[in-house]
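The numbers in my numbering rise by one with no breaks, and the one at position 77 of the sequence shown is 69. Single-structure report; data block below.
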Amino acid sequence: MFRSLLACVALVSLAPMASAQEAVFQTKSLTPEAALTAARAALESCRKQGYQVAVAVVDRGGLTQVLLRDRFAGPHTVQVSADKAWTAVSFRTSTQALAADTQAGKPMSGLRALPRFLAAGGGLLIEGGGSVYGAIGVSGGPGGEADEACAQAGIKAIATSLEF
């Protein structure tokens, strides 16, 4: 009888700990330094190819951590790069893939009406070790493929510091 009572008391006292563990979670985020390194690398990659661009890096919640605009990048590139990064992290996929998946007549075409949704190449997830850390968006190159190549250079610059 005493053992049963002791076991019940132990279970009751452990129950709040179990529910507390289920009520919270931990996430990992990019440091501002890593976000800046990625943005600088993307900008430099585009410069080497003769492109004047803007680069945005957002955190996993879509908030801008870093925004760089080269001297002669068009004024629209600031908003476009931020929206590409936001779209990539929000939908957990590249904006190039979304460009194909949201064409007129396709089931997901309605997404194009969402505010900030930008379905054009140049937005990529920053992820590693099964975690999404954020996204990078580039705007100003001569097409989505060029923007995406610069974004990939940005991710490559911080890849070794991400958990894989």
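By construction, the Cβ of each residue, glycine as well, lies at the ideal position given by its N, Cα and C atoms.
Three-state secondary structure (DSSP) of V16: Position 24 of the sequence shown, counted from the start, is the residue given in the question as residue 16. In the structure shown, V16 adopts coil according to DSSP, grouped into three states.
Inside the region 23 to 70 only - alpha helix (DSSP H) runs reaching at least 4 residues: Fully enclosed alpha helix (DSSP H) runs of 4 or longer: 24 to 40.
Check whether L59 and V70 have beta carbons under 8 Å apart: Working through the sequence shown from its first residue, we reach residue 59 at position 67. Working through the sequence shown from its first residue, we reach residue 70 at position 78. Judged by beta-carbon spacing, V70 lies within the 8 Å limit of L59, meaning their Cβ atoms are closer than that value.
Neighbour-count burial assignment, E155, 16 or more Cβ in a 10 Å radius: Counting from one through the sequence shown, the residue named residue 155 turns up at place 163. So E155 ends up on the exposed side.
Heavy atom of the ligand MN within 7 Å of Q144 beta-carbon: Here there are no bound small molecules, and the ligand MN is not part of this structure.
Minimum C-alpha distance to C38 - residue among Q57, P24, R61 and T19: Mapped onto the sequence shown, residue 38 falls at position 46. Of Q57, P24, R61 and T19, the residue nearest in Cα terms is R61.
Boundaries (first-last residue) of the alpha helix (DSSP H) holding A91: Within the sequence shown, residue 91 is the residue found at index 99, counting from 1. First-last of the alpha helix (DSSP H) with A91: T87 to D93.
C-alpha gap between R63 and Y43, whole angstroms: Locating residue 63 in the sequence shown gives position 71, where the first residue counts as 1. Locating residue 43 in the sequence shown gives position 51, where the first residue counts as 1. Between the C-alpha atoms of R63 and Y43 there is a straight-line separation of about 11 Å.
Euclidean distance between Cα positions of V50 and T56: Residue numbering aside, residue 50 sits at position 58 when the sequence shown is read from its first letter. Residue numbering aside, residue 56 sits at position 64 when the sequence shown is read from its first letter. The alpha-carbon atoms of V50 and T56 are separated by roughly 4 Å.
Of the listed residues G122, G97, P99 and A105, nearest to R84 (C-alpha basis): Position 92 of the sequence shown, counted from the start, is the residue given in the question as residue 84. Minimum Cα distance to R84 is reached at G122.
Segment contact, 8 Å Cβ cut-off, at least three pairs: the region 89 to 99 with the region 117 to 133: At 8 Å Cβ cutoff, the stretches do not touch.
Between the CA atoms of G66 and V178 - distance to the nearest angstrom: Residue coverage of the chain in this structure runs from -7 to 156, which leaves residue 178 outside it and unanswerable.
Limits of the unbroken alpha helix (DSSP H) element including E140: Residue mapping note: residue 140 aligns to position 148 of the sequence shown, counting from 1. G136 to I150 is the extent of the alpha helix (DSSP H) around E140.
R52 vs T23 beta-carbon contact at 8 Å: As a working mapping, residue 52 is identified with position 60 in the sequence shown. As a working mapping, residue 23 is identified with position 31 in the sequence shown. No, the pair does not count as a contact, with Cβ atoms beyond the cut-off.
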